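K.L.:
Sharing a structure here in structure tokens format.
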Amino acid sequence: MAEQKSLEGANTDDPEIAHLLVAVIENRAKEVGIAVFDPVQVSLRLLQFIESSRTYTTSLSILRAYIPSQLIVVGSNQETLSSGINKAARPFHQVPMSRTCFDDTKGSLAVSHCASEATRADLEGTALRSNYYLALGAAGALLHFLEQEQHTVLAGGTLHVMYVSPTSYMHIDIATVRALELIKPMKAPTQGSRGGSLFWWLNHTKTRSPNVMLLQANLLQPLTDIGTIQLRYNVVEELLGSDDLACSIGHCLASLPNNLDKLCSGLAFWPSAPGKDPVQRIASLVQSVILLREALTALPSLADALEPAKSELLKAVRANASHPVFAELLQVIDAALDSDVSSSKAAFVNRTQQCFAVKSGVDSFLDLARTSFCRISEEIHELAAKYRETHGIVSLKAAQLQYAAKRGFYLMAQRPGAKTKEGTVPPLPRKFVQLEGGTRNRVTIACTTAELNALNARLKDATNDCMIITQQILEGTVSTACQRLSMMHRLIDSVALLDMLASFALAISQSDGNYVRPQLTEHGPMAIVEGRHPLVEQLMDTEYQANDTYLAESSSFYVITGPNMAGKTTYLRQVALITILAHMGCHVPARLASLRPVDGLLTRIGTSDSIENNSSSFMSCWTVFSWWLQETAHIIGHATDRSLVLIDELGRATSTADGVAIAWAISEHLIGVGAFTLFATHFSPLGELAEMYPSCKQWHFGVDTGEQRLQYGHKLLPGQAAVLHYGLLMAPAVSESSQFH
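Sequence positions in the sequence shown follow the UniProt record's numbering and run 1 to 741.
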């Protein structure tokens, strides 16, 4: 079953997701190898393909989807742009490394050492190594970077390795992502208004990453495998047909830890050299064990909720959740951890839980360290109360004794000189020292004293003692958990998929319009009956005007005409979004939908911001002309008979004669290729293509010009628009009629 395995670092502004490390290398034959490492999920994705574009479109599409925090490339500090891929990837933060670090043999050995038992066997195959030799070299450089630059190594048997083929997914370039508003809207919604992107509409996931990341991955690179997509349809259909099943699954998903995937990184990462302060690493380890127990405790409820499920995917998720290895691992953890310990968002509560994670009475030295930890904590709170009483500082309230993991305890006080209801805040006593970088706002400051610093130092020592002893006690538990990480990876992936599909069902159930399960055929037509734009109809107070689409070998090219605001662009986007939803495994807004797998969604929609802001500028016109030429060249270079091409107002930045000539030439090329194409235009001469090519059909959006105003019907009709000069017809309605007679 080929499930989604790529692009989980999708295009987003979420800092939780912008953490991926990527290494890339190419050879003289323009083969490109890419290794993508996710330190949170402890996963490695390997991609290798032949770059067919001179501008490295496929490579950039993948990189822009992952958005790496650092891009490791072949080169030196003096010269990093020696190869074409490096030049094309200039927008990313590049880290040059010597070519010797990209050795595929060393890379294969390094990956094999770190790989989990389930994926290590794949590396032993000669065919796989030869097909991904560049990607393995990139992976070797990436692991070398982790050890040398970030001083981190992976524990053996903890890395989840996946081999990704770009041909398994629909190609969508970054311009199309923006034009279709897949991840975020082109214009941010105003406060209190509705609106957003396709991601905004679909995202009802109960947990954060990796579930959100999987949703973004599917938006940016939808699947093309019919069998896998059909399995997803079955899940969505079953959830829509059973409210009880959908509600119970949603409740169980919400009970899982919000950052489920982070427990893997806490168990797998180890410092490559002894650090000065091991507490942070140990705290992460203990926190991961706590999170792991919370997740394992919730699994039986999830398995019970999935018991009545009939679809194969839901049964597979249930099998993963009820695997006996998790019950065994939970017993091992329960034998060591205190039953009352849990994770918390409050920093000091979380640190306290970590110190008291192991059951009491297991180690006498640990019990002594805990006693010291509690006593010093009480002394700190007593000191804060003493300051309030002794110095009469109203601003030092009990709630303003703050804690940070690195700084320890500190005090928040009103800023001296600030104006309050009680008057001007007086100066603080000299013993109170303002902390650098501790200013929260204009009326409060962070401060400390020598006494508080001394107590913080003692508290840190007690914490260190607790953590070090706790680590020693949990060594066996952690070792057992690391041996089960491959099962945890499988569980996390299946839960993320379940959460995403449940999110699809919830989004559909909250929509007013009719949604239908698409029919997928390998070589059939694209037939959409009463299709609707999933986002626009959510924002409308009136009924949305649905439209039909039929594209086949005998009618593969639509020339669509009509005035501005008649609905041409919305219709193009509607067809694109329905296609994407269908390939994601989601039901679509239509009465009937039958599609074939699309290998690439190629669009030229919209105009540049520079033209909108300064339409009279020659440079702006030249910029947009150059811009759409590049997009058009990309379409021509990548369009196949399995592509869906959407073109809107091509050539509007040029003279009419030049625009018609360019649009005509491009149309003939696309007709010859056989790509399913919707071509919206104001150039009426393009309608003559229908007389020359049987597969070209004319369509238009009708408009009523009666009563001296335009009445848009937003209905797609056969034939060419009858009236072409709408501006002249409406001129008398907006000016004095004597000027036009």
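From the three backbone atoms N, C-alpha and C, an ideal C-beta is built for every residue, glycine too.
Since the structure is predicted, the reported quantities are computational estimates derived from the model, not experimental observations.
(1) Pick out the complete beta strand (DSSP E) segments inside the region 359-413, 3 residues or longer, and give them in chain order.
(2) Mind checking residue 692: buried by the 16 CB within 10 Å criterion, or exposed?
(3) Can you give me the start and stop residues for the alpha helix (DSSP H) that residue 233 sits inside?
(4) Kindly indicate which three-state DSSP category residue 464 falls into: helix, strand or coil?
(5) Return the Cβ separation of residue 347 and residue 404 in integer angstroms, given the expectation that the two are a contact with Cβ distance under 8 Å.
(6) Does the region 142-159 come close enough to the region 563-573 that 3 or more CB-CB pairs lie under 8 Å?
(7) In whole angstroms, what separates the C-alpha of residue 342 from that of residue 290?
(8) Output yes or no for whether 8 Å exceeds the beta carbon distance between residue 48 and residue 134.
(9) For residue 400, which of 140, 676 and 446 has the nearest alpha-carbon?
(10) Using three-state DSSP, classify residue 447 as helix, strand or coil.
(11) Please classify residue 685 as buried or exposed, where buried requires at least 16 neighbouring CB atoms within 10 angstroms.
(12) Is the Cβ-Cβ distance between residue 576 and residue 593 less than 8 Å?
(13) In the structure shown, what three-state DSSP assignment does residue 80 receive?
(14) Confirm, please, whether the CB-CB distance from residue 478 to residue 267 is below 8 Å.
(15) Could you check what DSSP says for residue 604 in three-state terms: helix, strand or coil?
(16) Counting C-beta neighbours from all protein chains within 10 Å, is the total for residue 187 16 or more, i.e. buried, or is it exposed?
(17) Which residues share a DSSP beta bridge with residue 270?
(18) Considering just the uninterrupted stretch of the beta strand (DSSP E) at residue 59, what are its terminal residues?
(19) Between the Cα of residue 357 and the Cα atoms of 422, 246, 199 and 469, which residue gives the shortest distance?
(20) Looking at the structure shown, is residue 523 part of a helix, part of a strand, or coil, going by DSSP?
(21) Return the residue from the list 538, 536 and 514 that minimises the CA-CA distance to residue 529.
(22) Could you check if residue 749 is buried or exposed, using at least 16 other CB atoms within 10 Å of its CB as the buried criterion?
(23) What are the residues that DSSP puts in a beta bridge with residue 250?
(24) Just grab the DSSP bridge partners of residue 549 for me.
(25) Would you mind reading off the limits of the alpha helix (DSSP H) that contains residue 31?
(26) Residue 160 lies in the beta strand (DSSP E); which residues open and close that run?
(27) I'd like to know whether the C-beta of residue 223 is nearer than 8 Å to at least one C-beta of chain C.
(28) Please report the residue range of the alpha helix (DSSP H) in which residue 505 lies.
(29) Out of 336, 298 and 465, which one is the CA nearest neighbour of residue 322?
(30) Could you tell me the boundaries of the beta strand (DSSP E) in which residue 700 lies?
(31) Quick test of the definition: if touching needs 3 or more C-beta pairs under 8 Å, does the region 529-547 touch the region 638-655?
(32) Could you give the distance in angstroms between the alpha-carbon of residue 237 and the alpha-carbon of residue 600?
(33) Hey, how far is the Cα of residue 98 from the Cα of residue 142?
(34) Is it buried or exposed for residue 20, if we count other Cβ within 10 angstroms and need 16 for buried?
(35) Run the CB neighbour count on residue 721, radius 10 Å, all protein chains shown included, and call it buried at 16 or more, exposed below.
(36) CB residue 245 to CB residue 239, shorter than 8 Å?
P.N.:
Per the coordinate set shown:
(1) Fully contained in the region 359-413 are the following beta strand (DSSP E) runs of length 3 or more, in chain order: 401-404.
(2) Walking along the sequence shown from the start, residue 692 turns up at place 692. Residue 692 should be labelled exposed.
(3) Walking along the sequence shown from the start, residue 233 turns up at place 233. Unbroken alpha helix (DSSP H) run through residue 233: 226-241.
(4) On the sequence shown, position 464 is the one that residue 464 refers to. Residue state, collapsed to three classes: helix.
(5) The residue labelled residue 347 in the question sits at position 347 within the sequence shown. The residue labelled residue 404 in the question sits at position 404 within the sequence shown. Residue 347 to residue 404, Cβ: 6 Å. Contact.
(6) Counting Cβ pairs under 8 Å, fewer than three are found: no touch.
(7) Looking up residue 342 in the sequence shown gives position 342. Looking up residue 290 in the sequence shown gives position 290. Residue 342 and residue 290 have their C-alpha atoms roughly 6 Å apart.
(8) For this step, residue 48 is matched to residue 48 along the sequence shown. For this step, residue 134 is matched to residue 134 along the sequence shown. Pairing residue 48 with residue 134 gives a Cβ-Cβ distance under 8 Å.
(9) For the purposes of this step, residue 400 is identified with residue 400 of the sequence shown, where counting begins at 1. Nearest in C-alpha terms to residue 400, of all of 140, 676 and 446, is 446.
(10) What you label residue 447 is simply residue 447 of the sequence shown in a count that begins at 1. The answer is strand: DSSP assigns residue 447 an E or B state.
(11) Taking the sequence shown and counting its residues from 1, the one referred to as residue 685 is at position 685. So residue 685 counts as exposed.
(12) Taking the first residue of the sequence shown as 1, we reach residue 576 at position 576. Taking the first residue of the sequence shown as 1, we reach residue 593 at position 593. Judged by beta-carbon spacing, residue 593 lies beyond the 8 Å limit of residue 576, meaning their Cβ atoms are not closer than that value.
(13) Position 80 of the sequence shown, counting from 1, holds the residue named residue 80. Bear in mind that a pLDDT of 46 at residue 80, under 50, signals an unreliable position, so the number given afterwards is only what the model happens to contain. Reduced to three states, the DSSP call for residue 80 is coil.
(14) Here residue 267 corresponds to residue number 267 of the sequence shown, with the count starting at 1. Here residue 478 corresponds to residue number 478 of the sequence shown, with the count starting at 1. The Cβ-Cβ distance between residue 267 and residue 478 falls below 8 Å.
(15) By one-based count along the sequence shown, residue 604 stands at place 604. In the displayed model, residue 604 falls within a strand according to three-state DSSP.
(16) Stepping through the sequence shown from its first residue, residue 187 is reached at position 187. Sixteen is the threshold: since fewer than 16 other Cβ atoms of the shown chains lie within 10 Å of the Cβ of residue 187, the residue is exposed.
(17) As a working note, residue 270 is residue 270 in the sequence shown. Beta-bridge pairing links residue 270 to 153.
(18) Taking the sequence shown and counting its residues from 1, the one referred to as residue 59 is at position 59. Element bounds for residue 59: not the beta strand (DSSP E) but the alpha helix (DSSP H), 57-66.
(19) By one-based count along the sequence shown, residue 357 stands at place 357. The residue with the shortest Cα to Cα distance from residue 357 is 469.
(20) Taking the sequence shown and counting its residues from 1, one reaches residue 523 at position 523. The answer is coil: DSSP assigns residue 523 none of H, G, I, E or B.
(21) Residue mapping note: residue 529 aligns to position 529 of the sequence shown, counting from 1. Nearest in C-alpha terms to residue 529, of all of 538, 536 and 514, is 514.
(22) Residue 749 is absent from the model: the chain starts at 1 and stops at 741.
(23) Mapped onto the sequence shown, residue 250 falls at position 250. Residue 250 is not bridged by DSSP to any residue.
(24) Position 549 of the sequence shown, counted from the start, is the residue given in the question as residue 549. For residue 549, the pairing in a beta bridge is given by DSSP as 528.
(25) Within the sequence shown, numbered from 1, the residue matching residue 31 stands at position 31. If you look at residue 31, you'll find it isn't in any alpha helix (DSSP H); it sits in the beta strand (DSSP E) that goes 31-38.
(26) Working through the sequence shown from its first residue, we reach residue 160 at position 160. Looking at the DSSP string, the run of the beta strand (DSSP E) that includes residue 160 is 160-164.
(27) No chain C is present in this structure, which holds just one protein chain.
(28) Taking the sequence shown and counting its residues from 1, the one referred to as residue 505 is at position 505. Bounds of the alpha helix (DSSP H) holding residue 505 are 485-509.
(29) Looking up residue 322 in the sequence shown gives position 322. That would be 298, whose Cα lies nearest to the Cα of residue 322.
(30) Taking the sequence shown and counting its residues from 1, one reaches residue 700 at position 700. Looking at the DSSP string, the run of the beta strand (DSSP E) that includes residue 700 is 696-704.
(31) Taking 8 Å as the limit for Cβ pairs, the verdict is that the region 638-655 does not touch the region 529-547.
(32) Locating residue 237 in the sequence shown gives position 237, where the first residue counts as 1. Locating residue 600 in the sequence shown gives position 600, where the first residue counts as 1. A direct Cα-Cα distance of roughly 26 Å separates residue 237 from residue 600.
(33) In the sequence shown, counting from the first residue as 1, residue 98 sits at position 98. In the sequence shown, counting from the first residue as 1, residue 142 sits at position 142. Note on geometry: alpha-carbon atoms of residue 98 and residue 142 lie some 12 Å from one another.
(34) Numbered from 1 along the sequence shown, position 20 holds the residue referred to as residue 20. That one is buried.
(35) Within the sequence shown, residue 721 is the residue found at index 721, counting from 1. Buried: at least 16 other Cβ atoms inside 10 Å.
(36) If you number the sequence shown from 1, residue 245 lands on position 245. If you number the sequence shown from 1, residue 239 lands on position 239. Contact flag set, yes.
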